[in-house]
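Trainee: Structure in structure tokens, see below.
Residue numbers (the numbering used here): 1 to 120.
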């Protein structure tokens with residue numbers, strides 16, 4: 001028998017657990033996307049941190065959250081924006097977090113090299 005606090009209108013309540021966290025290396029001046037997916041009932045709210053500092057929208061940073069997913073977008077990457085990012089999923093039963101490093105990509109596409117050679 002489930003405890004009453006774990007039942008919600010006939011459904012089971014579940015504390016958050018993060019089951020996917022993705023990041024890709026990104027070059028200077030590019031746009032970085034970090035994705036966090038969590039399972040929870042009721043649906044979680046999300047918070048993002050860089051190191052110990054909570055991230056808020058603005059100045060090239062956007063956060064979009066749907067029921068089980070949050071995406072952090074960082075436009076025009078600069079050196080100070082690289083580092084360790086943490087996604088925190090929260091509902092009334094608890095919290096879960098996962099971290100991922102956002103690193104600089106040194107990969108340059110052949111097209112970018114071609115454009116530089118032709119224009120420079």
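Backbone N, C-alpha and C fix where the C-beta goes; we use that ideal spot for every residue, glycine too.
Distance check for residue 105 and residue 37, CA to CA, integer angstroms please.
Mentor: Rounded to whole angstroms, residue 37 to residue 105 spans 24 Å at the Cα level.
Trainee: Which residue from 95, 100, 80 and 99 puts its Cα closest to that of residue 42?
Mentor: Closest option to residue 42, Cα to Cα, is 95.
Trainee: On a Cα-Cα basis, can you pick out the residue from 89, 83 and 88 that is closest to residue 24?
Mentor: Comparing Cα positions, the closest option is 83.
Trainee: Are residue 156 and residue 74 closer than 9 Å when you measure CB to CB?
Mentor: Since the first residue shown for the chain is 1 and the last is 120, residue 156 is missing from the structure and cannot be characterised.
Trainee: What does DSSP give as the partner residue(s) for residue 58 in the beta ladder?
Mentor: Residue 58 is bridged to 61.
Trainee: Here's the rule: buried if 16 or more other CB atoms are within 10 angstroms of the residue's CB, otherwise exposed. What is residue 18?
Mentor: By the 10 Å Cβ count, residue 18 comes out buried.
Trainee: Would you check if the distance between the CB atom of residue 34 and the CB atom of residue 102 is smaller than 9 Å?
Mentor: Closer than 9 Å, so yes.
Trainee: Assign residue 35 to one of three DSSP states: helix, strand, or coil.
Mentor: Residue 35: strand per DSSP, three-state reduction.
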